[in-house]
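Novice: All the letters of the sequence shown, read from the start, carry residue numbers -15 to 472 under this note's numbering. In this text, a Cβ means the ideal position worked out from N, Cα and C, and glycines have one as well.
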Amino acid sequence: MLENFQFPVSWLENLWKFSGKGLRMSKTVKPTFRTESDIARLPVPTEKPTVEYWHETQKGFGVRVAKAHFRTGAVKRTYIVRHPEGSEKDKDNLGLVGELAFDEAWDQVREKRAEAKRDGPGTKRKPTVQEAFDDYMKARATRHSPMTKLDYKNKMKRLASLTHGPKDISVADLRVDELDSEFWEQVHIRIREGYGPVMANRVCVIIKFVYARLVDNGVLTRNPVIALNKLGISKRPKPKMTAILPSDLPEVWQWMHTRAHTAVRDFMLVELFMGLRDSVVQRLRWDNVDLVHATLFLPDDEPGNKAKTDLVVPIPDYLMEHVFRPRWTARVDDSPWVIPSMKREGEPLRSVKGSLLTMAAHTGIQTSPHDYRRTFGTAAEAACGSVLRVARLLAHNTAASVEDFAVTSGYISTTDEQLRDDMNRTAAVIIKHATQLVQRPSADRLLSRHEREKEKRKADAVAYRKQRVARNTELLKIREAKVAGEVT
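Now the structure itself:
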């Protein structure tokens, strides 16, 4: 009799069986979990993008399960926390199941919910450093140039790379109200030791601006970063006065023409013979080059055009003959860039700093991209004998100069042909110094102080390159190991 008995279909539809101690499910009740093994058996959604499941006893501890990947079938499971009612945020992601330990996720849930309760229902949680920075950037979106925004974001990435506490939490993820002056002083020290005082000052100045906005908006009552003024973070660094010495220029010239990649060489030549800022050379487009009249057009919104007015700059004959016309003839696939990248297809060459380090290792002559602009200015002053005409060549905003100088400049009109003549005379001075024969010191002769410094810089550059290669090799191994782990 029992063998022929059949369960009613309606009863079977309401009975779902799951193996595993923690799973409890009916047609109207979602399953719950108690252990990590239970999570692996939670139903995977087939229609909705994600479904959330919650721990059987730990309030606010959940897992979000996504649909299986349409190709690989992989299922993404993420630990989540649900904050108490009245909190600013409803939920937060904690980490991926398998990458974040179950017990650690449990601890984070308790900590975050306790923190939310401490703030009190309805009390707005103070932002993290990253959130406050993002709000600051949104508020200043129309005031900062694209280059300034990029610079600020890069400085913030530098700060975010620092960790704090036994759990190695990123400084960017700490709450602004939990950090005092002593904390930020330690941050300044850490950045200064790792990246130098200029970087440390710039990062802390940006954070000071962020805190100042929080104080102005009533989020905080005081700015803890102001105390770092005693370290000189707000002092503008003295402008560098370094230019390539005439005695060093032949070695730089020889290295450019014998060892440098042609793109790097042409990048450096444009900076040297036109005095353009690094950010301008990075974006040289054929649309702005007039090959007929040998001129370069710089629109007022061009990054690096600090005059903020449309400029037409004559291109010296030497560059037309050795850089612009050859590059136009050899242009590939109608590239819009005068100097395209050697590694990234479709992009311009953005930096030669690595090549300058290589040059320092070979010659002991350490230069920055802006040193070529200063060298151009020095040669222009020797060729033209007029500071005002040098300012015109450098595309400086003369109205921002000393009052008497600015007034005088307003009465002087410089023609394109005069500028072209000044450009060519400046180029002649540079070529004269660059191609002169310089006698190398013999082994038995005493070295000058400058030559001794060059030997030291050469050794330092070689050591730094080895250190950088070792560091990049280690990072590559870590990246490859991580990829291999994901594949398996």
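Quickly, what does DSSP pair Y63 with across the bridge? List them, please.
Specialist: DSSP, once it has assigned bridges, lists V47 and G79 as partnering Y63.
Novice: Buried or exposed for P484, going by 16 or more other Cβ atoms inside 10 Å?
Specialist: Past the edges of the chain, shown from -15 to 472, lies residue 484, and the structure says nothing about it.
Novice: Can you give the Cα-Cα distance for E365 and L253, rounded to whole angstroms?
Specialist: Distance between the alpha carbons of E365 and L253 is about 19 Å.
Novice: Cβ atoms of T342 and R449: under 9 Å apart, would you say?
Specialist: Contact flag set, yes.
Novice: Please state whether DSSP places T16 in a helix, a strand or coil.
Specialist: The answer is strand: DSSP assigns T16 an E or B state.
Novice: Determine the closest residue to L421 out of E235, A379, E458 and V13, with distance taken between C-alpha atoms.
Specialist: That would be E235, whose Cα lies nearest to the Cα of L421.
Novice: Determine the direct distance from the alpha carbon of E83 to that of T62, and round the result to whole angstroms.
Specialist: Approximately 10 Å between the Cα atoms of the pair.
Novice: Quick one, which of A244, R174 and N201 has its alpha-carbon nearest C188's?
Specialist: Checked all of A244, R174 and N201; the closest Cα to C188 is R174.
Novice: What residue from K438, A412, A116 and R373 has the CA that sits closest to F257's CA?
Specialist: Ranking K438, A412, A116 and R373 by Cα distance to F257 puts A412 first.
Novice: Quick check on the burial criterion: 16 or more other C-beta atoms within 10 angstroms. Buried or exposed for E255?
Specialist: So E255 ends up on the buried side.
Novice: Which whole-angstrom value is the C-beta distance of L172 and L212, which I expect to be below 8 Å?
Specialist: The sequence shown places His at residue 172, not Leu. Yes, H172 and L212 are in contact; Cβ-Cβ is about 6 Å, under 8 Å.
Novice: Going by alpha carbons, who is nearest to K151 out of R97, R197 and E88?
Specialist: Considering only alpha carbons, the answer is E88.
Novice: Is the closest heavy atom of the ligand FMN to the C-beta of V413 under 8 Å?
Specialist: Looking for the ligand FMN in the displayed structure turns up nothing, as the structure carries no ligands at all.
Novice: Starting from V273, follow its DSSP beta bridges and name the residues at the other end.
Specialist: The partner list for V273 (beta bridge, DSSP) reads L280.
Novice: Please report the distance separating the alpha-carbon of W239 from that of K110.
Specialist: Cα to Cα, the separation comes out at about 55 Å.
Novice: What are the boundary residues of the beta strand (DSSP E) that includes T34?
Specialist: Unbroken beta strand (DSSP E) run through T34: T34 to H39.
Novice: R176 to A98, Cα distance in whole Å?
Specialist: Computed Cα separation, rounded: 36 Å.
Novice: Span of the alpha helix (DSSP H) holding V264?
Specialist: Element bounds for V264: D262 to V265.
Novice: What does the Cβ neighbour count give for Q350, buried or exposed, with the cut at 16 atoms within 10 Å?
Specialist: Buried, by the Cβ-count rule.
Novice: List, from N- to C-terminal side, the alpha helix (DSSP H) runs of 4 residues or more that fit wholly inside the segment 312 to 366.
Specialist: As far as the segment 312 to 366 is concerned, its whole alpha helix (DSSP H) runs of at least 4 residues are 337 to 347.
Novice: So the candidates are F86, E69 and E31; which of them puts its Cα closest to the Cα of E20?
Specialist: The candidate whose alpha carbon is nearest that of E20 is F86.
Novice: Between the alpha carbons of A418 and R243, how many angstroms are there, rounded?
Specialist: Going from the Cα of A418 to the Cα of R243 covers about 16 Å.
Novice: If we call anything under 9 Å between Cβ atoms a contact, is R357 one with R261?
Specialist: It is a contact, given that the beta carbons lie within the stated cut-off.
Novice: Please tell me whether V59 and V49 are closer than 9 Å, where the distance is taken between their beta carbons.
Specialist: Yes; because the gap between Cβ atoms is below 9 Å, this pair is in contact.
Novice: Give the DSSP-derived three-state secondary structure of D388 in the structure shown.
Specialist: Note that D388 scores a pLDDT of 43, beneath 50, so its modelled location is shaky; the value from the coordinates is reported in the next line. Of the three classes helix, strand and coil, the one that applies to D388 here is helix, per DSSP.
Novice: Spatial neighbours of T362 within its chain, please: CB distance less than 7 Å, with the 5 preceding and 5 following residues excluded, ordered by chain position.
Specialist: The answer, listed in chain order, is A227.
Novice: Of the residues E401, P353 and P27, which one's Cα is nearest the Cα of R373?
Specialist: Considering only alpha carbons, the answer is E401.
Novice: If you compare alpha carbons, which of H277, A247, E286 and T132 is closest to V307?
Specialist: For V307, the nearest C-alpha among the options comes from A247.
Novice: Who are the near neighbours of V209 in its chain, counting only those whose CB is closer than 7 Å to its CB and skipping five residues on each side?
Specialist: Only W168, C188, I191, K192 and Y195 meet the Cβ criterion.
Novice: Who are the near neighbours of G348 in its chain, counting only those whose CB is closer than 7 Å to its CB and skipping five residues on each side?
Specialist: Within the same chain, G348 has close Cβ partners K438, E439, R441 and K442.
Novice: Spell out the partners DSSP gives R159 in its beta bridges.
Specialist: Partner(s): T112.
Novice: Determine the DSSP secondary structure at P27, reduced to helix, strand or coil.
Specialist: P27 falls in the coil class under three-state DSSP.
Novice: Taking Q483 as the reference, which of R25, D91 and P29 has the closest Cα?
Specialist: What the structure shows of the chain is the stretch from -15 to 472, and residue 483 is not part of that stretch, so it cannot be assessed.
Novice: Can you give the beta carbon distance from R197 to Y120, rounded, assuming they're within the 8 Å contact cut?
Specialist: With a Cβ gap of about 5 Å, R197 and Y120 count as contacting.
Novice: Which whole-angstrom value describes the C-beta separation of V273 and V322, a residue pair presumed to lie in contact below a C-beta threshold of 8 Å?
Specialist: About 7 Å; that satisfies the 8 Å criterion.
Novice: For H277, count neighbouring Cβ atoms within 10 angstroms of its own Cβ and tell me buried if that reaches 16, exposed if not.
Specialist: H277 is exposed by the Cβ-count criterion.
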